[in-house]
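Chains as they are written, first to last, in our numbering: chain A, 4 to 258; chain B, 898 to 1198; chain C, 356 to 677. Each residue gets a CB set at the ideal place from its N, CA and C atoms; glycine is no exception. Written below as structure tokens is the structure these notes are about.
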Amino acid sequence: MNLLGVKRLTKSFGGLTAVNNVSFDVEPESIVGLIGPNGAGKTTVFNLITNIYRPDQGEIVFNGSSIVGKATHKIVAAGIARTFQTIRLFQNLSVLENVLAGRHCRLHSGVTGSMLRFPWQKREEAAALQHSIEALEMVGLGHCLDAPAKSLSYGNQRLLEVARALATEPKLLILDEPAGGMNEQETLDLIELIRKVRRRGIAILLIEHDMNLVMRVCEAIVVLEYGSKIAEGPPEAIKKDPRVIEAYLGSEEDY
Amino acid sequence: MEVFFQQVTNGLAVGGIYALIALGYTMVYGVLRLINFAHGDLFTMGGYLGLTLLTSFALTGRLGPLLGIIVLAIMVMGLVAIAGAALERAAYRPLRESPRLSAVVSALGASIFLQNAIMLIYGAKMMVYPQDILPKVAINLFGLYIPLVRIIILSASVIMMAGLYAFIQKTKVGAAIRAAAIDQGAARLMGINVDQVIMIVFLVGPGLGGVAGLMVGLLYGQVNFTMGWVYGLKAFTAAILGGIGNIPGAMVGGILLGLIEALGAAYISIAWKDAIAFLVLILILIIRPTGLLGERVAEKV
Amino acid sequence: MTTGKRIAFCIAALLVMAAPPLFLNAYWVDVLNSVGLYAILGLSLNLIVGSAGLFNLGHAAFYAIGAYTAAILNTTFHIPILWLLPLCAVTAGLFALVVARPIIHLRGDYLCIVTIGVGEIVRIALINNVFGLTGGANGIFGISRPTLFGHAIRKPDEFYWLIWSFAAITIFLFHRLENSRFGRALNYIRDDEVAAEGCGVNTAHYKLAAFIVGAAWAGMAGDIYAAKMTIIAPESFSFWESVLMFTLIILGGSGSIPGVLLGAFLIIGLPEVFREFANARMLIFGAAMVVMMIFRTQGILPARPRRYATPPDPSCKAEAEA
């Protein structure tokens, strides 16, 4: 069974159809790339999956149940965590607290528990710290807990977003241009990280402009152009697909 | 029926005043996305300056009532406009790049400052306008006797709004203001001096608001130092009602709110008059935050 | 700070706060009582404004609901006023739930305006003797003095103990609240609401919860106020009360408990010290708010980063400076 099934997803803003009848699946423990020229509607697809926008039409089934119209925080609790294209960390809070934000949905203490500090609440808090530190160590930021998030380098901020997403214990991790702003070495480390995350049984769906990264880590690739899916398949097939070459690879020399 | 039409004309006059103040809110919001909390106090300043100028120069005595009031209005407009621009320079410009809510706090602080400055200068008691400025006559209009002052206020506010509309729609500066309201960054790239546009907005809005303060003094014969925030809040309601950032919206919203309030006071309860306006504000924000004529919708995530 | 140091600090603070009634006259003790009351109000509003970043300029409404609940039930049913504390918290909290629920999604400055409107509607309702319960513009008088363990509280000294004990409990509980999952969630919302929701924080729920807890605490402060004054009237719950509470937070340090306490001393206490300038105090505070936003947005005593029981990491400083 698929982990994530997107069927005939459509979303318009005013007269512009940003996503048009897009369908694709993500298998459990797979790595899927979503690529396409700027403005193809990739980030909109992510925003639809996490219900930051509500789709006009279409189905999104996660782990056997529909998540269309579910509140974003419930989707996170159901097991989909994401990072943002424009980094959205809590800049003034510490690195550790940023990751604790991801841990939030797995904890239970409320107002009275926090005021009275019951023993179980202390245990929960200690476990949350432990778990968050592990997530930071996994992305390689375990040495840096108390620094404010804004003091990190651009690449490390992206890693911190990944750690924050991992702390939610997702089944599916959605990465929006994770290598954006990273240098060559950082990108290589990121590829390692993505593989390491998958080895933990987490499926990954990513948007990325770095074709080298996409071709190296993804098992399946979905190509969008002007909001529509124009191709889908393993990297080898996508590389040779004439429509993709024309619409995307051929049009921009950088790639 | 008599009561109804009297309330309608009264509502139109008050609505004209709301509309004039609302224009200041909506223009500033349009360009800076900032609620200028101090705008209401600039309006109060207009009411007090009008009184000072009126009594110290005896304008209406020398120039006759109509010309005297026109000259007075122009002087008030000029002085409050300068105060508005000074406020922008001191309290808002340094915060142009700061988070929005810092500017909101600064606006609140400026409002508290201005209101208390007026109190310290003029005293905490309300002040009374001279009674003999305008002849106390009522005009017979289709069998209805309408006080002259209401007619003057309504026509003056309509003339000023028409003037502003023409200024915004027909002049080059007006086009720059419209451009800056849509996208400041793009306007700057197109060679528009956005700082200058903001300065003009802070001259025009408070200028109109100041005249509205004078009008309140003429209509009710008194001003007090706290009136700015009640009128300000109502004018802001009017701006929201019409769709904030939308200039014709502010005019329509102001007139509409004046009518709702006047009729509500007459037919529901005068004691709840102020609450009616606030209820309208809350309902509009819950049901249709874009206002009646508003267009701007969600912000990009 | 280690646990030992922290306990020593708390004991020292308690001793310092216990001293004033011993050598101050009744007038100054009463000033400190006002400071204490506004400290409680400031802390309750701080949860909403400082921690969650929700601009609320109608907090006096919740204060009023608490005070009127206490006054009405005390004068009609003769329930001892301190017994009414929990009930005042419940009525103010419920009122917050009802009014905040439909407006909680509004963006910062709009929310601010709406809370002003709510505050005014409550005040107008009180003046108009709504349901025949609130006594109109004259308010309610004849509220009985509180008794504690059979001892009637009358003198400023006695109120000092009552008010500042309640303030101490508030500080203790709110400090814990701040350093918890709940407190962190409010901070996430303040910093970036979209990201908070995207990380799995139920933002609507937490914003509402901040309003309800803050309002409930203001309701209890209202109960104490009614007990202290024995007479309450709508004018005590005007827009300016809300502005005062808001200003003391912004100047003292938004989101910071020591900041709010300092703010209460500055805004309520300082004008009493400089009585000849008392009329100018709001003028000065208004100007200070503008200056503060331009030069020191976070207030005089900003919130300090939370401490966690983690191993120290010297390598991090290097990264921060690099």
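Would the beta-carbon of residue i fall within 9 Å of that of residue j?
i                      : j                      : result
residue 173 (chain A)  : residue 205 (chain A)  : yes
residue 444 (chain C)  : residue 565 (chain C)  : no
residue 498 (chain C)  : residue 586 (chain C)  : yes
residue 1109 (chain B) : residue 967 (chain B)  : no
residue 463 (chain C)  : residue 410 (chain C)  : yes
residue 1099 (chain B) : residue 1188 (chain B) : no
residue 927 (chain B)  : residue 1074 (chain B) : yes
residue 610 (chain C)  : residue 405 (chain C)  : yes
residue 421 (chain C)  : residue 581 (chain C)  : yes
residue 1158 (chain B) : residue 944 (chain B)  : no
residue 552 (chain C)  : residue 75 (chain A)   : yes
residue 660 (chain C)  : residue 122 (chain A)  : no
residue 155 (chain A)  : residue 98 (chain A)   : yes
residue 523 (chain C)  : residue 372 (chain C)  : yes
residue 639 (chain C)  : residue 632 (chain C)  : yes
residue 53 (chain A)   : residue 83 (chain A)   : yes
Quick one: give me the first and last residue of the alpha helix (DSSP H) that residue i is part of.
i                      : result
residue 1010 (chain B) : 997-1019
residue 388 (chain C)  : 381-401
residue 499 (chain C)  : Careful: residue 499 (chain C) lies outside any alpha helix (DSSP H) and carries neither H nor E.
residue 1080 (chain B) : Note, residue 1080 (chain B): premise wrong, no alpha helix (DSSP H); not H, not E.
residue 162 (chain A)  : 157-169
Identify the contact partners of residue i in chain B, using a Cβ-Cβ distance below 7 Å as the criterion.
i                     : result
residue 457 (chain C) : 1183
residue 410 (chain C) : 998, 1001
residue 461 (chain C) : 1182
Note down, in chain order, every chain B residue with its Cβ under 8 Å from the Cβ of residue i.
i                     : result
residue 493 (chain C) : Under the 8 Å cutoff, chain B gives no residues; its nearest Cβ is about 15 Å from residue 493 (chain C).
residue 467 (chain C) : 932, 1001
Within 10 Å of its beta-carbon, does residue i have 16 or more other beta-carbons around it, so buried, or fewer, so exposed?
i                      : result
residue 1198 (chain B) : Residue confidence for residue 1198 (chain B) is low, a pLDDT of 34 falling below 50, so the modelled location carries little weight; the figure read from the coordinates is stated next. Exposed, since its Cβ has fewer than 16 Cβ neighbours within 10 Å.
residue 1012 (chain B) : buried
residue 658 (chain C)  : buried
residue 382 (chain C)  : exposed
residue 454 (chain C)  : buried
residue 735 (chain C)  : No answer is possible for residue 735 (chain C): it lies beyond the span of chain C, which begins at 356 and ends at 677.
residue 25 (chain A)   : buried
residue 245 (chain A)  : exposed
residue 257 (chain A)  : Low per-residue confidence applies at residue 257 (chain A): pLDDT is 46, beneath 50, and the placement is therefore not dependable, though the value from the model is reported in the following sentence. So residue 257 (chain A) ends up on the exposed side.
residue 1077 (chain B) : buried
residue 1283 (chain B) : Outside the shown range of chain B (898 to 1198) lies residue 1283 (chain B), about which nothing can therefore be said.
residue 240 (chain A)  : exposed
Quick check on the DSSP output: the beta strand (DSSP E) that includes residue i runs from which residue to which?
i                      : result
residue 235 (chain A)  : 231-236
residue 60 (chain A)   : 60-65
residue 85 (chain A)   : 83-85
residue 1044 (chain B) : 1041-1044
residue 1037 (chain B) : 1035-1038
residue 11 (chain A)   : 7-16
residue 23 (chain A)   : 19-29
residue 1153 (chain B) : Careful: residue 1153 (chain B) lies outside any beta strand (DSSP E), inside the alpha helix (DSSP H) at 1144-1164.
residue 228 (chain A)  : 223-228
residue 36 (chain A)   : 34-38
residue 209 (chain A)  : 206-210
Give the interface partners of residue i over in chain C, defined as CB-CB distance under 9 Å, in chain order.
i                      : result
residue 1006 (chain B) : 602, 605, 640, 641, 642, 643, 644, 645, 646, 647, 648
Closer than 8 Å by beta-carbon distance: list the chain A residues that pair up with residue i, in chain order.
i                     : result
residue 634 (chain C) : The contacting residues do not exist; residue 634 (chain C) stays about 38 Å from chain A at best.
residue 665 (chain C) : 99, 132, 136, 148, 149
Find the residues of chain C that neighbour residue i, judging by a C-beta separation of less than 8 Å, and give them in chain order.
i                      : result
residue 1084 (chain B) : Within chain C, no residue comes near residue 1084 (chain B); the closest Cβ sits about 22 Å away, beyond 8 Å.
residue 1168 (chain B) : 479, 482, 483
residue 53 (chain A)   : 553
Please list, in chain order, the chain B residues whose beta carbon lies closer than 9 Å to that of residue i.
i                     : result
residue 637 (chain C) : 1009, 1010, 1012, 1013, 1016
Residues of chain A with CB under 9 Å from residue i, in chain order?
i                     : result
residue 540 (chain C) : 104, 107
residue 453 (chain C) : Those do not exist, as residue 453 (chain C) stays about 19 Å from chain A at its closest Cβ, beyond 9 Å.
Subject >> Near-chain C residues of the region 1090-1106 of chain B (beta-carbon distance less than 9 Å), N- to C-terminal order >> reply: Listed in sequence order: no entries.
Original post:
Listed in chain order, which residues of the region 546-563 of chain C have Cβ atoms closer than 7 Å to some Cβ of chain B?
Top reply: Taking 7 Å as the Cβ-Cβ cut-off against chain B, the residues of the region 546-563 of chain C that qualify are 549.
Original post:
For the region 421-447 of chain C, which residues have a beta carbon sitting closer than 9 Å to at least one beta carbon of chain A?
Top reply: If the cut-off is 9 Å between Cβ atoms, the region 421-447 of chain C has nothing near chain A.
Subject >> Under 7 Å (Cβ pairs) to chain C, residues found in the region 105-127 of chain A >> reply: Cβ contacts with chain C: 105, 107, 108, 110, 112, 113, 114, 117, 118, 120.
Original post:
According to a CB-to-CB cut-off of less than 7 Å, which residues of the region 522-534 of chain C neighbour chain A?
Top reply: Legend: CB atoms of the region 522-534 of chain C lying less than 7 Å from CB atoms of chain A belong to residues 528, 531, 532.
**OP:** Scan the region 468-484 of chain C for residues whose Cβ lies nearer than 8 Å to a Cβ of chain B and list them as they occur along the chain.
**Re:** From the region 468-484 of chain C, only 468, 469, 471, 472, 473, 475, 476, 479, 480, 482, 483 have a Cβ closer than 8 Å to chain B.
**OP:** Anything in the region 572-603 of chain C with a Cβ closer than 8 Å to a Cβ of chain B? List those residues in chain order, please.
**Re:** Near chain B, meaning a CB-to-CB distance below 8 Å, the residues of the region 572-603 of chain C are 594, 598, 601, 602.
Original post:
Any residues in the region 1049-1064 of chain B with a beta carbon nearer than 9 Å to a beta carbon of chain C? Which ones, in chain order?
Top reply: For the region 1049-1064 of chain B, the set of residues with a beta-carbon nearer than 9 Å to any beta-carbon of chain C is empty.
Original post:
Along the region 164-188 of chain A, what residues have a CB closer than 7 Å to any CB found in chain C?
Top reply: Listed in sequence order: 167, 171.
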